[in-house]
Amino acid sequence: MVSLYYIKCFLIRITKGPRKFLNKIKAIHSDGSSHAVALLTSPSFSPPPLLYPLHFLLSLLLQNLSNSFPFSTSLAPLSLYLEFVPMAAFSAVKIPPPQFTTVRSSSQRPGSSPFQSVHSSSAFNSISFGSAKSVRSRPLFAVSSDVVSSDKTKAASSSASIPAVTREVALELYEDMVLGRAFEDMCAQMYYRGKMFGFVHLYNGQEAVSTGFIKLLNQSDKVVSTYRDHVHALSKGVPSREVMAELFGKATGCCRGQGGSMHMFSAAHNLLGGFAFIGEGIPVATGAAFSAKYHHEVLKQSKPEGLDVTLAFFGDGTCNNGQFFECLNMAQLWKLPIIFVVENNLWAIGMSHLRATSDPEIWKKGPAFGMPGVHVDGMDVLKVREVAQEAIARARRGEGPTLVECETYRFRGHSLADPDELRKPDEKAHYASRDPIVALKKYIIEHGLASESELKSIDKKIDDVVEDAVEFADSSPLPPRSQLLENVFADPKGFGIGPDGKYRCEDPLFTQGTAQV
Amino acid sequence: MASLQMAALLSAPSTPVASDRVRVGSLRLAARNGSALVVRSEAKVSGGVSARGANLITHAVAEKAAAASSTDSKPGHELLLFEALREGLDEEMERDPTVCVMGEDVGHYGGSYKVTKGLATKYGDLRVLDTPIAENSFTGMGIGSAMTGLRPVVEGMNMGFLLLAYNQISNNCGMLHYTSGGQFKIPIVIRGPGGVGRQLGAEHSQRLESYFQSIPGLQMVACSTPYNAKGLMKAAIRSENPVVLFEHVLLYNLKERIPDEEYVLSLEEAEKVRPGEHVTILTYSRMRYHVMQAAKTLVNKGYDPEVIDIRSLKPFDLYTIGNSIKKTHRVLIVEECMRTGGIGASLRSAIIDNFWDYLDAPILCLSSQDVPTPYAGTLENWTVVQPEQIVAAVEQLCK
């Protein structure tokens, strides 16, 4: 790449371009903030008109050459985010990609939490800005990095070493992920058969995040989710029958059919929803964490294991929303026992995360508020689980919140109504090859934790569970009219006093659902 | 029925009543008192004459036997409205340790209108939580803690700031109990001062009752006197429903004598301020005082207006309102809301739906102009309803 740059300089010199043009090249290069291709293609760089054809040809040449460079998964993330920007002269106006400053050294980071060491590991220190590999238009891959601390590098994914989990745990994780996948596949089928309606958002591909985190929780810990909440509900323990019935809109659903796909609630399992608007659940989760702290400090209802932890799940799009930042601030301010889990699947419907965010690295936003920010490979359930263990332990001890960014991917569209045309096939193929269930299965078999036939029997068992859930939902009754007004108010006196002097809820028509309220 | 009730309200029974009835306080204007804004009331109980009688599901109201009601010198203690709110809040926080307050400057500062003064020292920083300036998020935090066992009181420093929290108030406060199939209740109280003040400018003079009234699952009440402020505050905290309590910036310094013994008012009932025969004037919050001022003029002119402070903005107490309309056949609504889509608009249509046959004249509604409240004092006065307009409206109604 460097040689091409010199060729260009040579060509410029022999064509006797204006002196200031040369000086400009020198000035940019000595700054160190860009290199040959970025220079040529940056929109602020305008060669003299005489050189337009040469400039264009050189850029095309560079583009095609860097096409063939292999993509490396072990490098630090920053350089990967630079997109190829065609030069301004030949293209319509494009918004330039974010320019990154160098990563600050770890000594500048606040606090001494174990998580800070994660990103000061070798991955980051090996950034070289002079590297020419990065800039062409490549598939938009997110970061993949090992999150374990230095003495346990690559433990989870290497074979023939001590397994990170016991057999029981491995099978539990496997079963949970298979349940999530099978359930969502069945949802898609049922939707296309007209059994459920509206907006249905499926979780295929992201199971490792849900399983990795939620399977570490106690019954009394809380989970707050978004509209992509079916699998969070299942992982938390809500029976698949109830979830399926809720999707079908039946009275036996977990919310009596009144919530639907995007509003899964379960008081028994401490699932605090299911929210349709982006970012809406994060303050609710912060409130639940506040409540846990309040119970401990004011009401003196402490538990031996520590504070009740709240998990808030949300996506990359939410991380540009005000509620996210406001709650990061408050959670750290009062050291609330909450973990902010970002399921960064790179796409908010059709909006690429990189097009929407000035600094796409979400984990960085944690330290900005004083809490640890961790990035983890969200396609690997064991890595997620390891990070989750640490974060949950921190929260239980009262050390405060953690921001965990999970790099993950949804195999299907945003919802069942999304044609999913914008995502490139090679990006999808890349992540399909990292299917968390396949990866765990491979891990289990390689470490001899279970046999193939045992795993197949789990698959079969889950298929039966899901079939049973569908049958149950199918045969359940629809909500009757009498249910219409029951849950509007916790205290139905809130409907007020009617003209006859009686409370409206005492009207016999009220229980029939036909009262005028 | 109506006259019985009126008789009960006018009389001051000295015998204690059965404790399972809801207490309804009422107050009587000290007639011909010099200053219009100072309201005196006597401790009253109206027990057995309530028409709602036996089939009421009575609220959990802590009542001591009314032993003090037989004192002859002035019973109770005098305080200002903001102190009454504080007293109510303090009593509830004392009684139930899950009651907590969250808002901007409620703790160390004592509240921008001093409603929470001294509470942080007494109950600690976690129970009286000073939040950063993030209305949407701390209201959501209040909702999340309400879902998990606490009873928060969220203060908006000015009601207008709660527009930033509209997302949480509408989607979560109002709807969450329903969408969860009744699994989670949200016993939250959202309160704050609103209304047109003294040249506070357009954004600090908003009346949010009209914006919130469509939200299903929400109850709204407006206090207007120290007596009903304390009673409504306590009732709102004890209610299992989310309640928005509207206070008014200009009413915080009203002084009144309120009972020593504990009392809780009903969130759904209206308050008859002045009985009358000729016209029913329905009002709430600060406009009550403009109405009472106009009432003096009207009485001098020979009219006899019945004034009802509706107190419950959502739902309307159609019983008290209906009884009044059945008596007078003429209705005037006086409110501080905007004309378009205000409380008066809803009230008017509710009255037409239910009491059309009893009306002898069209319902008149006096509301604020649909104008952003100007800063200049003269312009500001012209945007809200003044007593002269009320007098003119009554005269027109009773022609």
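Quick mapping for you: the protein sequence lines, in order, are chains A and B. With this note's numbering as the guide, the letters of the first sequence map in order to residues 995 to 1511. With this note's numbering as the guide, the letters of the second sequence map in order to residues 3 to 401. We put the beta carbon where it would ideally sit given N, CA and C, even for glycine. The model shown is predicted, which means the values in this text are computed figures rather than measured ones.
- Exclusion of the five residues before and after His-331(B) leaves Tyr-360, Leu-361 and Asp-362 as the residues of its chain whose Cβ lies within less than 7 Å of its Cβ.
- It is roughly 21 Å from the alpha-carbon of Ile-392(B) to the alpha-carbon of Thr-322(B).
- Per DSSP, Asn-356(B) is one residue of the alpha helix (DSSP H) stretching across 345-357.
- A Cβ of chain B is located within less than 9 Å of the beta carbon of Phe-1489(A).
- Measuring C-alpha to C-alpha distances from Asp-132(B) to each of Gly-158(B), Arg-153(B), Leu-152(B) and Ala-148(B) identifies Gly-158(B) as the nearest.
- Between Phe-186(B) and Ala-224(B), the C-beta spacing is not below 9 Å.
- Within 9 Å of the CB of Met-222(B), no CB atom of chain A is found; the nearest one sits about 10 Å away.
- In the displayed model, Leu-210(B) falls within coil according to three-state DSSP, outside both helix and strand.
- With the rule of 3 Cβ pairs closer than 8 Å, the segment 1279-1287 of chain A does not count as touching the segment 1228-1238 of chain A.
- Burial check for Tyr-1185(A): the Cβ neighbour count within 10 Å reaches 16 or more, so the residue is buried.
- Around Asp-262(B), the same chain offers Ala-70, Pro-77, Gly-78 and His-79 as residues with beta carbons nearer than 8 Å, after the five sequence neighbours per side are excluded.
- In this structure, DSSP gives Leu-1293(A) a state outside helix and strand, which the three-state scheme calls coil.
- In the three-state scheme derived from DSSP, where H, G and I count as helix and E and B as strand, Lys-1359(A) is classed as helix.
- The beta carbon of Glu-96(B) does not come within 9 Å of any beta carbon belonging to chain A, so the residue lies off that interface.
- In this structure, Ile-283(B) lies away from Val-251(B), with their beta-carbon atoms at least 9 Å apart.
- For Pro-317(B), there is no enclosing alpha helix (DSSP H), as DSSP marks it with neither H nor E.
- The DSSP-derived three-state label of Ile-283(B) is strand.
- Below the 7 Å Cβ cutoff, chain B contributes no neighbours of Phe-1466(A), its closest Cβ being approximately 17 Å away.
- In the three-state DSSP reduction, Ala-1342(A) falls in the strand class (E or B).
- When C-alpha distances from Glu-337(B) are compared across Thr-385(B), Asp-107(B) and Asn-230(B), the shortest belongs to Thr-385(B).
- Taking a beta-carbon distance threshold of 9 Å, Glu-1393(A) does not count as an interface residue toward chain B.
- Close partners of Val-1482(A) in chain B (Cβ separation under 8 Å): His-179, Tyr-180, Pro-218 and Gly-219.
- In the DSSP annotation of this structure, the continuous segment of the alpha helix (DSSP H) that includes Glu-137(B) starts and ends at 137-149.
- Non-local C-beta neighbours of Ser-1204(A) in its own chain, meaning closer than 6 Å and more than five positions away in sequence, comprise Val-1225, His-1226 and Ser-1229, ordered along the chain.
- In summary, the residues of the segment 304-326 of chain B whose CB is separated from some CB of chain A by less than 9 Å are Ser-314, Lys-316, Pro-317, Phe-318, Asp-319, Leu-320, Tyr-321, Thr-322, Ile-323, Gly-324 and Asn-325, in the order they occur in the chain.
- Straight through space, the alpha carbons of Asp-1501(A) and Trp-358(B) are spaced by roughly 21 Å.
- Within the segment 1263-1288 of chain A, the residues whose Cβ lies closer than 9 Å to some Cβ of chain B are Asn-1264, Leu-1266, Gly-1267, Gly-1268, Phe-1269, Ala-1270, Phe-1271, Gly-1273, Glu-1274, Gly-1275, Ile-1276, Pro-1277, Val-1278, Ala-1279, Thr-1280, Gly-1281, Ala-1282, Ala-1283, Phe-1284, Ser-1285, Ala-1286, Lys-1287 and Tyr-1288, listed in chain order.
- Flagged as an interface residue toward chain B: Asn-1323(A), by a C-beta distance shorter than 9 Å.
- For Leu-1293(A), the closest Cβ of chain B is nearer than 9 Å.
- Residues of chain B whose Cβ lies closer than 7 Å to the Cβ of Gly-1192(A) do not exist; the shortest such Cβ separation is about 13 Å.
- At a Cβ-Cβ threshold of 9 Å, Ala-1342(A) and His-1290(A) do not count as neighbours.
- If you draw a straight line from the Cα of Ser-314(B) to the Cα of Met-222(B), it comes to about 6 Å.
- When secondary structure is reduced to three states using DSSP, Leu-131(B) falls in the strand class.
- Distance from the CA atom of Val-198(B) to the CA atom of Pro-389(B), rounded to whole angstroms, is 16 Å.
- Short of 7 Å from the beta carbon of Arg-1222(A), and not among the five residues preceding or following it, lie these beta carbons of its own chain, in chain order: His-1195 and Tyr-1197.
- The C-beta separation of Met-235(B) from Leu-121(B) comes to about 13 Å, leaving the pair out of contact by the 8 Å criterion.
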